[in-house]
Each structure stands twice: as C-alpha cells, then as structure tokens.
Amino acid sequence: MSGILQTRKFLGLSQQQAICLFLALATFIAFAQTLGHGFSGYDDDVYITNNRYVKHGMTIEGVRWAFCTSEACFWHPLVWLSYMIDTELFRGYPFGYHLTNLLLHIANTLVLFAF
Numbered sequence: 026m027s028g029i030l031q032t033r034k035f036l037g038l039s040q041q042q043a044i045c046l047f048l049a050l051a052t053f054i055a056f057a058q059t060l061g062h063g064f065s066g067y068d069d070d071v072y073i074t075n076n077r078y079v080k081h082g083m084t085i086e087g088v089r090w091a092f093c094t095s096e097a098c099f100w101h102p103l104v105w106l107s108y109m110i111d112t113e114l115f116r117g118y119p120f121g122y123h124l125t126n127l128l129l130h131i132a133n134t135l136v137l138f139a140f
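Take the sequence shown: its letters are residues 26 to 140, numbered as in the numbering used here.
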C-alpha cells in the first residue's frame with residue numbers, strides 16, 4: 026500500500042471530523058450548565074439588564090452607540106451588537122444569551138483547531 030494515504034475512520038467520520046466532534050462535545054459539556062443559570066451580578070447589569078441600548082434590541086441609535094461607546098472601559102461593538110440581537114431574539118430571557126455564548130465558544134474552539 027505504498028503511496029496510498031490511509032485515513033482512519035471513527036463512527037464513519039474522518040479523523041479530523043471525529044476530533045472536531047469531540048472538541049464540540051467537550052466544549053458543550055463544559056459550558057452547558059450555564060444554560061440553566063440567570064444573569065450574573067458580576068457585569069450583566071452593565072452589559073445587558075440595565076443597559077438602555079441593549080434593552081431596546083437592534084435600533085439605529087443602538088448600533089450607532091455600539092460603535093462609538095467605550096462603556097465598560099472597552100471598545101467592543103460586536104459584543105454590544107451580539108447582545109442587542111440576543112435581546113431581539115430572546116427578549117431578556119437568560120437562556121438565549123447563554124446559548125449564544127455556548128455556540129460562540131464551540132465555534133471558537135473549532136476555528137482554533139482548524140488553524
């Protein structure tokens with residue numbers, strides 16, 4: 026079998042696909058417990074529950090604010106926009122915000138593995 030690259034299969038998946046599945050499951054297991062939690066008292070008030078722009082969801086005023094503010098001592102418009110979209114989708118229900126974060130953690134893990 027010289028010259029032929031053998032690929033190992035696991036549950037019908039290539040080795041790379043199996044590793045991605047394992048990493049996604051491990052990340053899910055590590056962070057899934059957050060899905061049942063409420064908002065924290067650490068900084069969720071500044072970012073979500075008491076933030077007048079985030080509480081109104083995606084608005085032109087909110088998007089403008091997201092790109093111009095340094096509230097919470099950082100300039101991170103994508104964070105603000107993400108929370109505004111979460112507000113549109115989940116209307117303040119913590120499960121949705123935690124689900125978004127869980128999916129972003131899984132995506133980041135897979136992107137890191139890919140590179």
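Where a beta carbon is used, it is the ideal one built from N, C-alpha and C, also for glycine. For clarity, every value in this text was computed on a predicted model and none was experimentally measured.
* Asked: Using the rule of at least 16 other Cβ atoms within 10 Å of the residue's Cβ for burial, across every protein chain shown, is D111 buried or exposed?
  -> buried
* **Assumed close pair L48, T134 - CB separation to whole angstroms, cut-off 8 Å** => 5 Å
* Spatial distance of S39 from H81 (CA atoms) -> 45 Å
* Thinking C-beta only, is P119 closer than 8 Å to F53? -> no
* **Same chain, Cβ closer than 6 Å to I73, neighbours up to 5 away in sequence not counted** => V79, Y108
* Once you ignore the five residues that flank L114 on each side, which residues in its own chain have a CB closer than 7 Å to its CB? -> G121
* Can you tell me which of the three DSSP states S95 falls into? => coil
* Can you grab the Cα-Cα spacing for the pair G37 / A43, in whole Å? => 9 Å
* Specify the secondary structure class of S39 as computed by DSSP and reduced to three states. => strand
* Assign A57 to buried or exposed, taking buried as 16 or more other Cβ atoms, counted over all protein chains shown, within 10 Å of its Cβ. => exposed
* Asked: Which value, in whole angstroms, describes the spacing of the CA atoms of D68 and N75?
  -> 10 Å
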